[in-house]
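Student: So that we are looking at the same thing, I have put the structure below in structure tokens.
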Amino acid sequence: MEHELHDKLDELMRGPYPLYARAQAAEGLLRVPELDAWLVARDADVREVLRRPLEFSSANALRPDVLPSPAALEVLAGGFGGRPVVVTSDGERHQRLRAPLVRALSPARVAAAAPYARERAAALVDGFAEDGRVELMSAYAMRLPGDVIGRIVGLDPADVPLVVHGGHRAEQLLFRPLPEAEQIAAAEDVVAMQHVLDRCARDRYVRPREDLATEIVASVAEPGQGELPPDGRHEAVAHLQNLLIAGHLTTTALIGTTVLHLLSHRDQWELLRERPDLIPAAVEEAARYDGALQGFRRVTTRPVALAGTELPAGAELFVAFGAANRDALRHPRPDTFDITRDAPARHLAFGFGAHACVGAQLAREQLRITVEELTRRLPGLRLAEGHPVTMRPTMIHRSPEELHLTWPVAQGRYTLPGTALPGASSCGTVTNT
Ligand code: HEM
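Okay, structure coming up:
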């Protein structure tokens, strides 16, 4: 029974758009047993929830889909955290946790980080440009965002791979059904990440620097003599872990879907090659059309009516940014991917209101850099034949599982049969998008 529910949930997560269309056509809200929540799918309803944070609390925003086994929980008990973080807090506490992030990710600070992001993007592309083929998720998309946010936070670059890995393992542990041994291994990786973050937090408490880790530590513990107190250590690690996961997994996912959709719509890829000025619009359209964060939860704090549905206090909602972005009342031809839309309407891929994404500017910058780099350096890029694309079963980091790409390279180097000539036709198959 539980397996059946998980299979159904996987199917829904790999291709949620038919469900969204059904929810938008329904009267009132649709109750979705697989999500164990009311689905909020219309643009106007999603905005209404986000405008009323006092009635629609974020306390359950990150509610896991899976409860780890007792043995995995025991491993996690040896780590840090377990405190409400910015995305799961309301009211004053939320504002206290959000303030240093808004400062540290301001447009000016993002602009200052851009040269480093550009340099890393170029170096990653250098690593495979001569090969004629790559699996983009592992060689690029999973690497750039971690390097960039790691730098802004102030992590030692040598620690970044372990921290990025720990973030992916935290997601698996809390959102995928894993066998017990795997759960324990994932919990160990999460705890290893937390110890690195704790080391960083304790260091910044006694040796402040010009970085985001220092600002986070200062926001959770008054400066004092000696060591960062235990409570401050837990808070700082929870906060850092949440920020890092919010910062890299989402951006990784959107890099994957953006490249996927541009290459699946060849005319639009070719257009971008001729008109790089359209790259910012292409990034916005990719975020609207198939966003990384499809939705987060909310819980009602008192009885409230939404879209004509009466909800009691404690009702769980799944607020689907990804569905709102396909609402025809807001976006004409919502199911068409079109980077040349006239006066595109504002989408909700980065949320809205009190909890709107603090890293949107940083994410957009990395997306623009990526598309610039790939269209300029690998103009003949294509989806590789024989590698049908499957989307990951997740509502919070929607992306291709793998993205195999090919392009022509100079003679003597690797070329895939039939794809050596620029303009040769080869397109992988996309399923469940
Ligand atoms: C493509 C990449 C990204 C997407 C699609 C995305 C999407 C979102 C969305 C939809 C929300 C609102 C959640 C809600 O209302 O409950 C959000 C919040 C947040 N995002 Fe992002 N995000 C991205 C990148 C980033 C980056 C790069 C960072 C940090 C460097 C970041 C940090 C955060 C944080 C801390 C919050 C919580 C804000 C709050 O609760 O006040 N995100 N993000």
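Taking the numbering used here, the leading residue of the sequence shown gets 1, the next gets one more, and so forth.
Glycine residues also receive a C-beta, built at the ideal position from the N, C-alpha and C atoms.
Note that this is a predicted model, so its numbers are computed, not measured.
Tell me which same chain residues have a C-beta within less than 7 Å of the C-beta of Pro208, skipping the five on either side of it?
Tutor: Here residue 208 is taken as the residue at index 208 of the sequence shown, counted from 1. Hits under 7 Å: Thr214.
Student: Need the endpoints of the alpha helix (DSSP H) that His239 sits in, please.
Tutor: The residue you call residue 239 lines up with position 239 of the sequence shown. It spans Pro230 to Ser264 - the alpha helix (DSSP H) in which His239 sits, taken as one unbroken run.
Student: List the endpoints of the continuous beta strand (DSSP E) containing Glu135.
Tutor: For this step, residue 135 is matched to residue 135 along the sequence shown. From DSSP, the beta strand (DSSP E) with Glu135 extends over Arg133 to Glu135.
Student: What is the rounded straight-line gap between the Cα of Gln172 and the Cα of Arg266?
Tutor: The residue labelled residue 172 in the question sits at position 172 within the sequence shown. The residue labelled residue 266 in the question sits at position 266 within the sequence shown. Those two C-alpha atoms are separated by around 33 Å.
Student: Whole angstroms is fine: what's the gap from Val176's alpha carbon to Ala410's?
Tutor: Taking the first residue of the sequence shown as 1, we reach residue 176 at position 176. Taking the first residue of the sequence shown as 1, we reach residue 410 at position 410. Looking at the sequence provided, one finds Arg at residue 176 rather than Val. Cα-Cα distance, rounded: 43 Å.
Student: Would you give the residue range spanned by the alpha helix (DSSP H) that Arg120 belongs to?
Tutor: Taking the sequence shown and counting its residues from 1, one reaches residue 120 at position 120. Unbroken alpha helix (DSSP H) run through Arg120: Pro107 to Asp126.
Student: Please confirm whether any heavy atom of the ligand HEM lies closer than 6 Å to the CB of Val371.
Tutor: Residue mapping note: residue 371 aligns to position 371 of the sequence shown, counting from 1. Incorrect: Val371 has no Cβ contact closer than 6 Å to the ligand HEM.
Student: Do you know how far the Cα of Ala26 is from the Cα of Gly291?
Tutor: In the sequence shown, counting from the first residue as 1, residue 291 sits at position 291. In the sequence shown, counting from the first residue as 1, residue 26 sits at position 26. Computed Cα separation, rounded: 23 Å.
Student: Can you tell which of Glu119, Arg275, Gly380 and Ala307 has the C-alpha that lies nearest to the C-alpha of Arg133?
Tutor: In the sequence shown, residue 133 corresponds to position 133, counting from 1. Of the listed residues, the one whose Cα sits closest to Arg133 is Gly380.
Student: Within the stretch 281-319, note down every full beta strand (DSSP E) run reaching 3 residues or more, in order along the chain.
Tutor: DSSP runs (the beta strand (DSSP E)) wholly in the stretch 281-319: 296-300, 304-306, 309-311 and 316-319.
Student: Is the CB-CB distance between Val220 and Glu235 below 7 Å?
Tutor: Position 220 of the sequence shown, counted from the first residue, corresponds to residue 220. Position 235 of the sequence shown, counted from the first residue, corresponds to residue 235. Yes, these two residues count as a Cβ contact at 7 Å.
Student: Is it the case that the CB of His355 approaches a heavy atom of the ligand HEM more closely than 6 Å?
Tutor: Locating residue 355 in the sequence shown gives position 355, counting from the first residue. His355 Cβ: within cutoff of the ligand HEM.
Student: I want to know whether the stretch 160-170 touches the stretch 49-60 - three or more CB-CB distances under 8 Å.
Tutor: Segments in contact, no.
Student: Measure the C-alpha to C-alpha separation of Ala141 and Leu306 and round it to an integer number of angstroms.
Tutor: Here residue 141 is taken as the residue at index 141 of the sequence shown, counted from 1. Here residue 306 is taken as the residue at index 306 of the sequence shown, counted from 1. Going from the Cα of Ala141 to the Cα of Leu306 covers about 38 Å.
Student: Any contact between the stretch 67-80 and the stretch 174-191? By contact I mean 3 or more CB pairs, one from each, below 8 Å.
Tutor: Short answer: they touch.
Student: Sorry if obvious, but does the Cβ on Ala59 come closer than 6 Å to a heavy atom of the ligand HEM?
Tutor: Looking up residue 59 in the sequence shown gives position 59. No - the ligand HEM has no heavy atom lying nearer than 6 Å to the Cβ of Ala59.
Student: Whose C-alpha, out of Asp198, Thr257, Val164 and Leu243, is nearest the C-alpha of Asp231?
Tutor: Reading the sequence shown from its first residue, position 231 is the one you call residue 231. That would be Asp198, whose Cα lies nearest to the Cα of Asp231.
Student: Give every residue of the same chain whose Cβ lies closer than 8 Å to the Cβ of Val49, excluding the five residues on either side of it in the sequence, and list them in chain order.
Tutor: What you label residue 49 is simply residue 49 of the sequence shown in a count that begins at 1. Cβ neighbours of Val49 beyond the five flanking positions: Val40, Phe56, Arg298, Leu306, Leu317 and Val319.
Student: Under the three-state reduction of DSSP, which class applies to His404: helix, strand or coil?
Tutor: Along the sequence shown, one-based indexing puts residue 404 at 404. His404 falls in the strand class under three-state DSSP.
Student: Starting from the C-beta of Val160, find all residues in its chain whose C-beta is less than 8 Å away, skip the five residues before and the five after it, and write them out in chain order.
Tutor: What you label residue 160 is simply residue 160 of the sequence shown in a count that begins at 1. So the qualifying residues of the chain are Gly146, Asp147 and Gly150.
Student: Please report the straight-line C-alpha distance between Phe337 and Gly79, rounded to a whole angstrom.
Tutor: Along the sequence shown, one-based indexing puts residue 337 at 337. Along the sequence shown, one-based indexing puts residue 79 at 79. Taking the straight line joining both Cα atoms gives about 44 Å.
Student: Do you know offhand how far Asp126's Cα is from Val371's?
Tutor: In the sequence shown, residue 126 corresponds to position 126, counting from 1. In the sequence shown, residue 371 corresponds to position 371, counting from 1. Each residue's Cα considered, the two are about 15 Å apart.
Student: Arg47 and Phe352 look like a contact to me (Cβ under 8 Å); what is the Cβ gap, rounded to whole Å?
Tutor: Locating residue 47 in the sequence shown gives position 47, counting from the first residue. Locating residue 352 in the sequence shown gives position 352, counting from the first residue. With 8 Å as the limit, Arg47 and Phe352 qualify as a contact, their Cβ atoms being about 6 Å apart.
Student: Report yes if the CB atom of Tyr20 is closer than 7 Å to the CB atom of Arg326, and no otherwise.
Tutor: As a working note, residue 20 is residue 20 in the sequence shown. As a working note, residue 326 is residue 326 in the sequence shown. Yes; because the gap between Cβ atoms is below 7 Å, this pair is in contact.
Student: Counting Cβ pairs, one atom from each stretch, are 3 or more of them under 8 Å apart for the stretch 394-405 and the stretch 250-262?
Tutor: Enough Cβ pairs lie closer than 8 Å, so yes.
Student: Should Leu155 and Leu362 be called a contact, given that it needs their Cβ atoms to be closer than 7 Å?
Tutor: Working through the sequence shown from its first residue, we reach residue 155 at position 155. Working through the sequence shown from its first residue, we reach residue 362 at position 362. Not in contact: Leu155 and Leu362 (Cβ atoms no closer than 7 Å).
Student: For the alpha helix (DSSP H) containing Ala187, name the first residue and the last one.
Tutor: Translated into the one-based positions of the sequence shown, residue 187 becomes position 187. Its alpha helix (DSSP H) spans residues Glu180 to Val206.
Student: Taking just the CA atoms, how far does Tyr205 sit from Asp10?
Tutor: On the sequence shown, position 10 is the one that residue 10 refers to. On the sequence shown, position 205 is the one that residue 205 refers to. Spanning the two alpha carbons is a distance of roughly 43 Å.
Student: Is Thr250 near the ligand HEM, going by C-beta to nearest heavy atom under 6 Å?
Tutor: The count along the sequence shown starts at 1 and reaches residue 250 at position 250. Result yes, Cβ under 6 Å from the ligand HEM.
Student: Taking the straight line between their C-alpha atoms, what separation do you get for Leu35 and Leu67?
Tutor: Translated into positions along the sequence shown, residue 35 becomes position 35. Translated into positions along the sequence shown, residue 67 becomes position 67. So the two alpha carbons sit approximately 15 Å from each other.
Student: Return the first residue and the last residue of the beta strand (DSSP E) that Arg31 is part of.
Tutor: In the sequence shown, residue 31 corresponds to position 31, counting from 1. Where Arg31 is concerned, the enclosing beta strand (DSSP E) stretches over Leu30 to Val32.
Student: Compute the Euclidean distance between the alpha carbons of Ala315 and Arg51, then round it to the nearest angstrom.
Tutor: Taking the first residue of the sequence shown as 1, we reach residue 315 at position 315. Taking the first residue of the sequence shown as 1, we reach residue 51 at position 51. Distance between the alpha carbons of Ala315 and Arg51 is about 17 Å.
Student: For Phe321, which of helix, strand or coil comes out of DSSP?
Tutor: Counted from its first residue, the sequence shown places residue 321 at position 321. It is helical.
Student: Between which two residues does the beta strand (DSSP E) holding Leu39 run?
Tutor: Looking up residue 39 in the sequence shown gives position 39. First-last of the beta strand (DSSP E) with Leu39: Ala37 to Val40.
Student: Round the Cβ separation of Pro64 and Leu174 to the nearest angstrom and send it over; I've been treating them as touching at under 8 Å.
Tutor: The residue given as residue 64 occupies position 64 in the sequence shown. The residue given as residue 174 occupies position 174 in the sequence shown. Their Cβ separation, rounded to whole angstroms, is 4 Å, which keeps Pro64 and Leu174 in contact under 8 Å.
Student: Specify the secondary structure class of Val389 as computed by DSSP and reduced to three states.
Tutor: Mapped onto the sequence shown, residue 389 falls at position 389. Reduced to three states, the DSSP call for Val389 is strand.
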